[in-house]
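Residue numbers (the numbering used here): 9 to 219.
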């Protein structure tokens with residue numbers, strides 16, 4: 009049942025549950041459901057990201073990669089109401105929840121989409137993500153590089169990864185691929201990592217990025 013959060017159409021019976029979020033200057037209630045990541049609660053990793061990521065710019069084009077029920081996308085939409093926030097997930101139920109939750113919270117800049125429906129010319133000034141590490145290492149790495157390469161030249165990605173699910177090895181791998189990746193914080197078994205597209209790749213990188 010837990011693995012269904014990265015299925016296109018979860019088969020689990022719907023069991024909606026509302027969750028309250030109070031973070032930074034925003035408060036809202038969002039609906040979760042079975043078959044979607046973190047049913048019934050705001051998971052610790054996402055909470056850590058929301059509390060510790062640098063403030064988003066007031067405007068721009070943002071991305072929540074693997075949005076689930078939308079707590080990250082809604083937070084970004086409320087913190088930066090002039091921005092466009094693309095909330096992306098393969099899970100149909102997750103997209104429906106995110107659209108509902110954004111509308112309920114008044115986050116009018118949130119645009120919900122399946123990843124393969126985002127126009128090719130869209131580039132992101134900011135990406136916040138609790139990425140779906142349980143899809144497997146190879147798939148996870150491919151997913152991240154695909155979307156990191158869509159950052160603008162000055163764009164930034166901030167993501168949270170469980171240390172026990174490979175956060176440190178993922179950081180090393182990203183650096184080897186030419187993505188300058190720094191740790192913002194480490195708490196409760198999670199790492200919050202930041203990648204700044206405008207930085208020069210670190211010495212020892214094995215690849216040069218191109219967009």
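No residue lacks a Cβ here, since even glycine has one placed at the ideal position from N, Cα and C.
Sequence-distant Cβ neighbours of residue 82 in its own chain, meaning closer than 7 Å and more than five residues away, are 36, 38, 109, 110, 113, 115, 118. Per the coordinates, the alpha-carbon of residue 179 lies some 11 Å from the alpha-carbon of residue 149.
Across the set 193, 186, 158, the C-alpha of 193 shows the shortest separation from the C-alpha of residue 170. In terms of Cβ geometry, residue 190 and residue 202 form a close pair [threshold 9 Å]. CA-to-CA, the gap between residue 75 and residue 138 works out to about 8 Å. According to the DSSP assignment, residue 196 belongs to no alpha helix (DSSP H), since it is labelled neither H nor E. When secondary structure is reduced to three states using DSSP, residue 73 falls in the strand class. Scanning 186, 176, 136 for the CA closest to the CA of residue 164 turns up 136. From the listed residues 145, 140, 174, the smallest Cα separation to residue 54 is found for 140. Judged by beta-carbon spacing, residue 40 lies beyond the 9 Å limit of residue 69, meaning their Cβ atoms are not closer than that value. As for any beta strand (DSSP E) of minimum length 3 sitting wholly inside the region 42-103, the runs are 69-73, 92-96, ordered along the chain. Between residue 56 and residue 168, the CB-CB gap stays under 9 Å. Taking C-beta separations shorter than 7 Å and ignoring five residues to either side along the sequence, the partners of residue 78 in its chain run 38, 95, 105, 106, 109, 110, following chain order.
For residue 90, the closest C-alpha among the options 64, 73, 99 is that of 64.
Residues 90, 91 of the same chain have their beta carbon placed closer than 6 Å to that of residue 67, with the five preceding and five following residues left out of the count.
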